[in-house]
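Shown next, in structure tokens, is the structure this report addresses.
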Amino acid sequence: MKPSLEDTLLAAIRTIPDYPKPGILFRDITTLLSNARAFRRAIDELVHPYAGKKVDKIAGIEARGFILGGAVAHQLSAGFVPIRKKGKLPYETVRVAYSLEYGLDEMEMHRDGVSPGEKVILVDDLIATGGTAAAAVQLLRQIGADILAACFVIDLPDLGGRDKLEALGVPVRTLIGFEGH
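Under full-length UniProt numbering, think of the first position of the sequence shown as 1, with each following residue one higher.
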């Protein structure tokens, strides 16, 4: 009998207590990425609802979103656009500032990474408070992207990130949820 998606992912994701600070349970997907079967299954599940639909670009948030997003883009025959921290991209960029628990940060993407009206899916490994993902949505909309969805392997529902994105009109797809953080 084939293990359920949830069982496969739970077995492949490592939890590290008290990282990066006491009280946090860090969900480490590097173990999922190194497990060929689990990685393939996660990508297949992220891709499934969009197979056969028109998707122009996958936007991946630095850094694990690059790995997942690149694989999703490949499977959907879509282009890939990196969303990075300020100062990491070599060409003309658009930028947005956003709040973190401990201050402000900025992310950017190439101005020509997405053309107005292109259909885009945002991808990252995890949705927690939703601050980074909401900023990425703002950035993509700033240049005219039509955001079809935001996809994540892990949801930390107690932190409200999904609700934040859905309030922005972005459908959210996650594969597994973990209570607590």
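Just so you know, even glycine gets a beta-carbon here, dropped at the ideal spot from N, CA and C.
Of the listed residues 66, 150, 174, nearest to residue 165 (C-alpha basis): 150
Burial state of residue 50 (16 or more Cβ within 10 Å): Under this definition residue 50 is a buried residue.
Residue 221 classed as buried or exposed, judged by whether at least 16 other C-beta atoms fall within 10 angstroms: Outside the modelled stretch of the chain, which goes from 1 to 181, sits residue 221, for which no answer is possible.
Local conformation of residue 183 per DSSP, three classes: With the chain represented from 1 up to 181, any question about residue 183 goes unanswered, as that position is not in the structure.
From 90, 91, 55, residue whose alpha carbon lies closest to that of residue 75: 55
Assigned exposure category for residue 108 - 16 Cβ within 10 Å defines buried: buried
Own chain residues within Cβ distance below 8 angstroms of residue 137, not counting five before or after: 122, 147, 150, 165, 168, 170
Whole alpha helix (DSSP H) elements within the region 95-167, 4-residue minimum: Annotation: the region 95-167 contains the following complete segments of the alpha helix (DSSP H) (minimum length 4 residues), in chain order: 131-142, 161-167.
Distance, residue 135 Cα to residue 96 Cα: 7 angstroms
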